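Take the sequence shown: its position 34, counting from 1, is numbered 16 in the numbering used here, and each next residue is one higher.
From the three backbone atoms N, C-alpha and C, an ideal C-beta is built for every residue, glycine too.
Remember, predicted model here, so these are calculated numbers, not experimental data.
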Amino acid sequence: MIVVDTVVKRYGSFTAVDGVSLDVRPGEIHGFLGPNGAGKTTTLRMIAGLLKPTSGRIEVNGHDLVKDAEAAKASLGFIPDRPFIYEKLTAGEFLRFHGGLYGIDGDGIQSRVQEMLDLFELRRWENELVESFSHGMKQRLVMSAAFLHRPPAVAVDEPMVGLDPRGARLIKDVFRRMAGHGVGILMSTHTLEVAQELCHRISIINRGQIIAQGTVDDVRKMAGGEDEHLTPVFLKLTGGSGLQEIDEVV
Ligand SMILES: Nc1ncnc2c1ncn2[C@@H]1O[C@H](COP(=O)(O)OP(=O)(O)O)[C@@H](O)[C@H]1O
Ligand SMILES: [Mg+2]
């Protein structure tokens, strides 16, 4: 679904992403974990085709991001960490506009929009302006747009930030349901609890490099195997860097 092969991104002499490789399989929720500044957003923006890697190869649903960029981008749903929404549109208008960008129009669009509004519990807000929405509602609307064209793979950057427990629960349920339908989801997070609860596999990135990869159990074993929760595992693997940025698992 998503294949990242030895990808490097340099900003001048600074290497933000330093040889990252990972893959996301059909039906898999893959957690991309690491402290602030580790290189998660940079990697996801390269997968979305918004940033050009310095070197390495990225494939989305079998399409090479360089040779077959349009097909690669069309087969991905991308949810950035700070999405831009036209606030003067209603939720329904925003989704129909977004569908148009992906070539969904005519009769198909309205039923697809309704389906997404139902899934993300936004139906009653269809005709309200986005500017009146809470953060959680905007986040759900952006997700509705990303899933609207039924992409086989989705990349999402820090989806749980700023959500209340109910909003977070809804998003987790939708991710599980989508994965159950075969969608591959790559999700960056610095919330270990979310990864532990939701992810089939995880990749941990620190200072631009993958330092552990596998199931939560695999990663636990890499750090000695005696810890029940991911927090101490993460601290062992990173030597304590980014400590304040990582939410404690309680
Ligand atoms: N446009 C840029 N120019 C220079 N450095 C950047 C740029 N974008 C990101 N960086 C640096 O790259 C590193 C990785 O950033 P980022 O991918 O946003 O990390 P994360 O999402 O894991 O918090 C950080 O040190 C950040 O300061
Ligand atoms: Mg980030």
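Got a sec, what are the start and stop residues for the beta strand (DSSP E) residue i sits in?
i: residue 168; result: 166 to 171
i: residue -2; result: -4 to 6
i: residue 12; result: 11 to 15
i: residue 60; result: 58 to 61
i: residue 39; result: 37 to 42
What's the C-alpha gap between residue i and residue j?
i: residue 172; j: residue 148; result: 19 Å
i: residue 49; j: residue 136; result: 20 Å
i: residue 103; j: residue 41; result: 33 Å
i: residue 113; j: residue 201; result: 42 Å
i: residue 20; j: residue 89; result: 44 Å
i: residue 95; j: residue 217; result: 43 Å
i: residue 155; j: residue 130; result: 17 Å
i: residue 72; j: residue 106; result: 11 Å
i: residue 100; j: residue 199; result: 35 Å
i: residue 108; j: residue 204; result: 48 Å
i: residue 98; j: residue 206; result: 43 Å
i: residue 152; j: residue 118; result: 10 Å
i: residue 145; j: residue 52; result: 32 Å
i: residue 220; j: residue 192; result: 11 Å
i: residue 115; j: residue 91; result: 23 Å
i: residue 61; j: residue 197; result: 24 Å
i: residue 189; j: residue 39; result: 20 Å
i: residue 229; j: residue 111; result: Interpretation of residue 229 is limited by its pLDDT of 47, a score under 50 that renders its predicted location unreliable; the figure taken from the coordinates is listed afterwards. So the alpha carbons of these two residues sit roughly 34 Å apart.
i: residue 251; j: residue 132; result: Residue 251 lies beyond the stretch modelled for the chain, which goes from -17 to 232, so this question has no answer here.
i: residue 31; j: residue 150; result: 27 Å
i: residue 7; j: residue 14; result: 14 Å
Go to residue i, then tell me how far its alpha helix (DSSP H) extends in each direction, as first and last residue.
i: residue 180; result: 174 to 180
i: residue 158; result: 147 to 162
i: residue -17; result: Looking at the DSSP string, residue -17 is not in any alpha helix (DSSP H), and its letter there is neither H nor E.
i: residue 34; result: Run containing residue 34: none; DSSP gives neither H nor E here.
i: residue 205; result: From DSSP, residue 205 is part of no alpha helix (DSSP H); its letter is neither H nor E.
i: residue 127; result: 117 to 130
Report the partner residues of residue i according to the DSSP bridge assignment.
i: residue 187; result: 192
i: residue 84; result: Per DSSP, none; premise fails for residue 84.
i: residue 237; result: The chain is shown from -17 up to 232; residue 237 falls before or after that span and cannot be answered.
i: residue 45; result: 42
i: residue -9; result: -1
i: residue 138; result: 61, 169
Would the beta-carbon of residue i be found less than 7 Å away from any heavy atom of ligand 3?
i: residue 63; result: Judged by which ligands are present, ligand 3 is missing from the structure shown, whose ligands are ligand 1 and ligand 2.
Task: Touching by the beta-carbon criterion (3+ pairs, under 8 Å), the segment 41 to 53 and the segment 76 to 90 - done: no
Task: ligand 1 site residues, beta-carbon cut 5 Å against heavy atoms - done: -7, -2, 18, 19, 20, 21, 22, 23, 24
TODO: State whether the segment 118 to 128 contacts the segment 176 to 187, with contact taken as three or more CB pairs (one from each stretch) at a distance under 8 Å.
DONE: no
- [ ] Flag this pair as touching only if the segment 156 to 168 and the segment -7 to 0 have three or more C-beta atom pairs under 8 Å; answer yes or no.
- [x] no
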